[in-house]
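Enquirer: I am attaching a structure below and will ask some questions about it afterwards.
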Ligand code: DX5
Ligand code: ZN
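Residue numbers (my numbering): 3 to 222.
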């Protein structure tokens, strides 16, 4: 069967209580913690960086699924590795020239490389990164324009997921943006197995129930 990774996006948490919010999500059944790193340049918002990952790492052994919405991901590899990041997902739009070097350095730092693409970027652009001799291990298909939580899911992105799933049956395919109880079935049946969910989890009165429901949709 399909293995689901449910990754609450900590962007929707109370950053002032990050460690307790993170540990609560893990107690409620989260597999990964999705960490949105933004530089105020690649996207029009600024969040957290390596120092906060380093602080959080002192409070949890969980898989920290780091999504780098930054213009120069190469500059972040060493700091994020030292801070204790688990996954390092960079954007293909800013890595056309140096993705091979990036992937190599991410792996050398003991992190798992992933590649993300914005809604306007064609899926073909990630094929070389999956097929090379030093491949990425996950593709993150953005289902909103990156930058903010709480936006509306773009169902037209599911065609990218379907094409990827058909071509790469065992690839980790992550979806990010607007996922929740009303959109999970479309994403799961297209073939996504790693599910990021921010506002739908943190905004729920029973976040644990939402996490279970997301998992059930992917695994059944
Ligand atoms: C948006 C981020 C997402 C965001 C998702 O740029 O990449 O991870 O936190 O939030 P929701 O689930 O609320 O759309
Ligand atoms: Zn994200």
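By construction, the Cβ of each residue, glycine as well, lies at the ideal position given by its N, Cα and C atoms.
Quick caveat, the model's predicted, so the values are computed rather than measured.
So residue 7 is in the beta strand (DSSP E); what residue range does that whole segment cover?
Expert: Its beta strand (DSSP E) spans residues 7-10.
Enquirer: Let me know the alpha helix (DSSP H) ranges lying completely inside the segment 69-115, each 4 residues or longer, listed in chain order.
Expert: Along the segment 69-115, the alpha helix (DSSP H) occurs as fully enclosed runs of 4 or more residues at 76-85, 101-110, listed in sequence order.
Enquirer: Do the segment 43-54 and the segment 156-171 meet, that is, are 3 or more Cβ pairs less than 8 Å apart?
Expert: No: the two stretches stay apart, fewer than three of their Cβ pairs being nearer than 8 Å.
Enquirer: The beta strand (DSSP E) spanning residue 178 covers which residue range?
Expert: 174-178
Enquirer: Compare the C-alpha of residue 193 against each of 16, 31, 143 and name the closest.
Expert: Cα-wise, what sits closest to residue 193 is 143.
Enquirer: Do residue 195 and residue 32 have their C-beta atoms within less than 8 Å of each other?
Expert: no
Enquirer: In whole angstroms, what separates the C-alpha of residue 3 from that of residue 175?
Expert: 15 Å
Enquirer: Per DSSP, what kind of secondary structure is residue 2 in: helix, strand or coil?
Expert: For the chain, the structure presents residues 3 to 222; residue 2 sits outside this window and is missing.
Enquirer: Excluding sequence positions up to five away, which residues of its chain have a Cβ less than 6 Å from the Cβ of residue 46?
Expert: 149
Enquirer: Extract the residue ranges of the beta strand (DSSP E) inside the segment 158-215, only unbroken runs of 3 or more that lie entirely within it.
Expert: 174-178, 196-199
Enquirer: Within 10 angstroms of the Cβ of residue 84, are there 16 or more other Cβ atoms? Answer buried if so, exposed if not.
Expert: exposed
Enquirer: Just grab the DSSP bridge partners of residue 33 for me.
Expert: Residue 33 pairs with nothing; no bridge assigned.
Enquirer: Pairs of beta-carbons, one from the segment 101-118 and one from the segment 65-77, closer than 8 Å: are there three or more?
Expert: yes
Enquirer: For residue 36, verify whether its CB is less than 7 Å away from any heavy atom of ligand 1.
Expert: Yes, since a heavy atom of ligand 1 falls inside the 7 Å radius drawn around the Cβ of residue 36.
Enquirer: What residue does the alpha helix (DSSP H) around residue 131 start on, and which one ends it?
Expert: 129-133
Enquirer: Tell me whether residue 146 sits in a helix, a strand or coil according to DSSP, three-state version.
Expert: coil
Enquirer: How should residue 112 be labelled, buried or exposed, when 16 other C-beta atoms within 10 angstroms of its C-beta is the threshold for buried?
Expert: exposed
Enquirer: May I ask you to report which of helix, strand or coil DSSP gives residue 118?
Expert: strand
Enquirer: Going by the beta-carbon positions, is the gap between residue 24 and residue 61 smaller than 8 Å?
Expert: yes
Enquirer: With 16 as the cutoff for other CB atoms within 10 Å, does residue 217 come out buried or exposed?
Expert: Under this definition residue 217 is a buried residue.
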